[in-house]
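With the working numbering, letter number 325 in the sequence shown gets 334, and the count goes up by one each step, no holes.
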Amino acid sequence: MKFETLAIHGGERPDKTFGALSVPIYQTSTFAFESVGKTRGYDYSRTANPTRKVLEDTLAQLEGGKAGFAFATGMAAEATVVHLLKAGDHVISGDDVYGGTYRLFQDVMTNLGLEFTFLRMNNRQAIERAIKPNTRMIWIETPSNPLLNITDVEMVVEIARKRNILTVIDNTFATPYFLRPVKYGIDLVVHSTTKYLNGHCDVVGGAVVTTTDELTQRVQFLLNAMGTCASPFDCWLVLRGIQTLPLRMKKHEENATAVANYLQRHKAVSKVFYPGIKSHPGHEIAQEQMKGFGGVVSFELTGGTKAVNHFLRRLEVFSLAESLGGVASLAEHPATMSHASMPPDYRAKIGIGDDLIRLSVGLENISDLTDDLAQALNSG
Numbered sequence: 010m011k012f013e014t015l016a017i018h019g020g021e022r023p024d025k026t027f028g029a030l031s032v033p034i035y036q037t038s039t040f041a042f043e044s045v046g047k048t049r050g051y052d053y054s055r056t057a058n059p060t061r062k063v064l065e066d067t068l069a070q071l072e073g074g075k076a077g078f079a080f081a082t083g084m085a086a087e088a089t090v091v092h093l094l095k096a097g098d099h100v101i102s103g104d105d106v107y108g109g110t111y112r113l114f115q116d117v118m119t120n121l122g123l124e125f126t127f128l129r130m131n132n133r134q135a136i137e138r139a140i141k142p143n144t145r146m147i148w149i150e151t152p153s154n155p156l157l158n159i160t161d162v163e164m165v166v167e168i169a170r171k172r173n174i175l176t177v178i179d180n181t182f183a184t185p186y187f188l189r190p191v192k193y194g195i196d197l198v199v200h201s202t203t204k205y206l207n208g209h210c211d212v213v214g215g216a217v218v219t220t221t222d223e224l225t226q227r228v229q230f231l232l233n234a235m236g237t238c239a240s241p242f243d244c245w246l247v248l249r250g251i252q253t254l255p256l257r258m259k260k261h262e263e264n265a266t267a268v269a270n271y272l273q274r275h276k277a278v279s280k281v282f283y284p285g286i287k288s289h290p291g292h293e294i295a296q297e298q299m300k301g302f303g304g305v306v307s308f309e310l311t312g313g314t315k316a317v318n319h320f321l322r323r324l325e326v327f328s329l330a331e332s333l334g335g336v337a338s339l340a341e342h343p344a345t346m347s348h349a350s351m352p353p354d355y356r357a358k359i360g361i362g363d364d365l366i367r368l369s370v371g372l373e374n375i376s377d378l379t380d381d382l383a384q385a386l387n388s389g
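Right under this line is the structure:
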């Protein structure tokens, strides 16, 4: 089945019990055994749940992977994946990753004996130089959050496979609609399902898609042992959102492209970050490995902190809020919001300045969005 069909029919649908077309919410903690040692496939919802299973199977099918797993949050998914490693292992990560990812790696997992190297993932030689005898994982985001840098997925996989290093990609920004990393040989795909997969800003969740039987068994074990799984109702909300994912992603990209082009022409904007514009350094690679460029646009304002604060206060259609990927447009200030957990000197080093704004471009009429940006930019 094609992507659009899988988004609606993935997993076991209709439900086998009564033929329900909408996946039932099995809001139960435990299941009755038929006899000692014999179940109907489920015994306890931390281990597995029928509603969660439909979401997990749908995610695996959309990504083209072996199996899917749904987690309580995106960070729960990431924390579970990192627990595939052991003390003494080394991880190479993109330097401009989501602030919560950086915090997990640098401030939590280092205390448990893991070692991290952060670098820009656009240079083969730099990645190869960073590899150590104890390197066990390479972690990438593409497009990255919030600078929208593009990583050549095939290049990273080629480097890692020669050295038997596990590859992980956070595919939250692109979604499997625009990028299917498994096609290029990625081992594990991670999502914050809070974002585009759900698409309505009414749930937090995460996901992992595996590509081998061994990884499937290990992730399942960790999910059960650590209790990081998603609730049935949250899984149902994400499933509902996925059904319209293809339609939403097309509109997100259409609006984001228009917003990026508008911002490029405005005198108050010094730089625009969006892989869909030809001046973006990763444009050609993105064009080769992606079906589209996504719905996030970042930009830098002239005029410093005062201009940024004024612009964000003036917005009316765009809401000043964390997160992204919902139907409503959002604006956020990475330095004080999504990436506040990064030390200021580190943010400055990787290019996340106080003048950077990240837009999650929603599904509103594009004229209303550009008009809102215009009145906020022109009122300074």
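Glycine residues also receive a C-beta, built at the ideal position from the N, C-alpha and C atoms.
Could you work out which residue in Gln-115, Phe-187, Gly-312 is closest to Ala-88 when comparing CA atoms only?
Ranking Gln-115, Phe-187, Gly-312 by Cα distance to Ala-88 puts Gln-115 first.
Starting from Val-317, trace the beta strand (DSSP E) in both directions and tell me its first and last residue.
Where Val-317 is concerned, there is no enclosing beta strand (DSSP E), although the alpha helix (DSSP H) it sits in stretches over 313-323.
I need the DSSP call for Thr-60, collapsed to helix, strand or coil.
The answer is helix: DSSP assigns Thr-60 an H, G or I state.
Just the Cα atoms here: how many angstroms apart are Val-177 and Pro-185?
Each residue's alpha carbon lies about 14 Å from the other.
Does the structure place the region 137-154 close enough to the region 66-82 that three or more beta carbon pairs sit under 8 Å?
No, the region 66-82 is not in contact with the region 137-154.
Where does Ala-96 land, buried or exposed, given buried means 16+ other C-beta within 10 angstroms?
Classification of Ala-96: exposed, given that the 10 Å Cβ count is below 16.
At the level of alpha carbons, what is the spacing between Ala-41 and Pro-353?
Straight-line Cα distance between these residues: approximately 53 Å.
What separation, rounded to the nearest whole angstrom, lies between the Cα atoms of Ala-29 and Arg-249?
Cα to Cα, Ala-29 sits roughly 14 Å from Arg-249.
Measuring alpha carbon to alpha carbon, tell me which residue in Arg-138, Pro-190, Leu-188 is nearest Ile-168.
Answer by Cα proximity: Arg-138.
Quick check on DSSP: helix, strand or coil for Gly-103?
Three-state DSSP puts Gly-103 in a strand.
Just tell me which of Val-91, Gly-313, Thr-14 has its CA closest to the CA of Met-235.
Of the listed residues, the one whose Cα sits closest to Met-235 is Val-91.
I'd like the list of long-range same chain contacts for His-342, defined as Cβ closer than 7 Å, with 5 residues on each side in sequence excluded.
Same-chain partners within the cutoff: Val-317, Leu-321, Ile-366.
Have a look at the DSSP bridge pairing and note the partners of Arg-367.
For Arg-367, which the question treats as bridged, DSSP gives the partners Ser-307, Glu-341.
Note down, in chain order, each residue of its chain lying with its Cβ closer than 6 Å to the Cβ of Ala-57, except the 5 sequence neighbours on either side.
Same-chain partners within the cutoff: Tyr-51.
For Val-336, name the three-state secondary structure that DSSP assigns.
Here Val-336 sits in coil by DSSP.
Under 8 Å, with one C-beta from each stretch per pair, do the region 194-209 and the region 241-259 reach the 3-pair mark?
The region 194-209, when compared against the region 241-259, does touch it at the 8 Å Cβ threshold.
Could you check whether Pro-190 and Val-199 sit closer than 7 Å to each other, using their CB atoms as the reference points?
For Val-199 and Pro-190, no; Cβs fall outside 7 Å.
Kindly confirm or deny that the region 149-169 and the region 218-225 touch, where touching means at least three C-beta pairs closer than 8 Å.
The region 149-169, when compared against the region 218-225, does not touch it at the 8 Å Cβ threshold.
Tell me Tyr-53's beta-bridge partners as DSSP assigns them.
Per DSSP, Thr-39.
Judging by CA-CA distance, which residue of Ala-330, Asn-264, Gly-103 is the nearest neighbour of Asp-380?
Among Ala-330, Asn-264, Gly-103, the Cα nearest to that of Asp-380 belongs to Asn-264.
Sorry if obvious, but does the Cβ on Gly-73 come closer than 6 Å to a heavy atom of the ligand HEM?
Questions concerning the ligand HEM fall outside what the structure shown contains, since it holds no ligand whatsoever.
When the Cα atoms are used, what is the spatial distance from Ala-135 to Ala-81?
Whole-angstrom Cα-Cα distance: 35 Å.
Considering only residues of the same chain and omitting the five flanking positions on each side of Ala-86, which have a CB-CB separation below 8 Å?
Around Ala-86: Phe-78, Phe-80, Val-199, His-200, Ser-201, Gly-215, Ala-216, Val-217, Thr-237.
Could you check where the beta strand (DSSP E) with Glu-150 kicks off and where it finishes?
Glu-150 -> beta strand (DSSP E) spans 144-150.
Out of Tyr-107, Val-32, Thr-110, which one is the CA nearest neighbour of His-18?
Of the listed residues, the one whose Cα sits closest to His-18 is Val-32.
First and last residue of the alpha helix (DSSP H) that includes Asp-179?
Looking at the DSSP string, Asp-179 is not in any alpha helix (DSSP H); the run it does join, the beta strand (DSSP E), is 175-179.
Suppose contacts are defined by Cβ-Cβ distances below 7 Å. Is Val-306 in contact with Leu-333 by that definition?
No, they are not a contact pair.
Does the Cβ of Ala-357 have 16 or more other Cβ atoms within 10 Å, making it buried, or fewer, making it exposed?
With fewer than 16 Cβ atoms within 10 Å of its Cβ, Ala-357 is classed as exposed.
Buried or exposed for Pro-284, please, with buried defined as at least 16 other CB atoms from any protein chain shown within 10 angstroms of its CB.
With 16 or more Cβ atoms within 10 Å of its Cβ, Pro-284 is classed as buried.
The alpha helix (DSSP H) with Glu-124 in it runs from where to where?
That residue, Glu-124, is in no alpha helix (DSSP H); its beta strand (DSSP E) goes 124-128.
For the alpha helix (DSSP H) that Phe-187 lies in, which residues bound it at each end?
Taken as a continuous stretch (DSSP letters only), the alpha helix (DSSP H) holding Phe-187 covers 184-187.
Considering only the beta carbon of each residue, do Ala-340 and Leu-329 sit closer than 7 Å?
The answer is yes: Cβ separation under 7 Å.
How big is the Cα-Cα spacing for Leu-157 and Arg-49?
Approximately 46 Å, taken between the alpha carbons.
If distances are taken between C-alpha atoms only, which option among Leu-188, Tyr-271, Val-63, Lys-75 comes closest to Gln-296?
Minimum Cα distance to Gln-296 is reached at Leu-188.
Considering just the uninterrupted stretch of the alpha helix (DSSP H) at Gly-250, what are its terminal residues?
241-251 is the span of the alpha helix (DSSP H), which, as asked, contains Gly-250.
Please say whether Ala-385 and Leu-324 have beta carbons closer to each other than 7 Å?
Yes, the pair counts as a contact, with Cβ atoms nearer than the cut-off.
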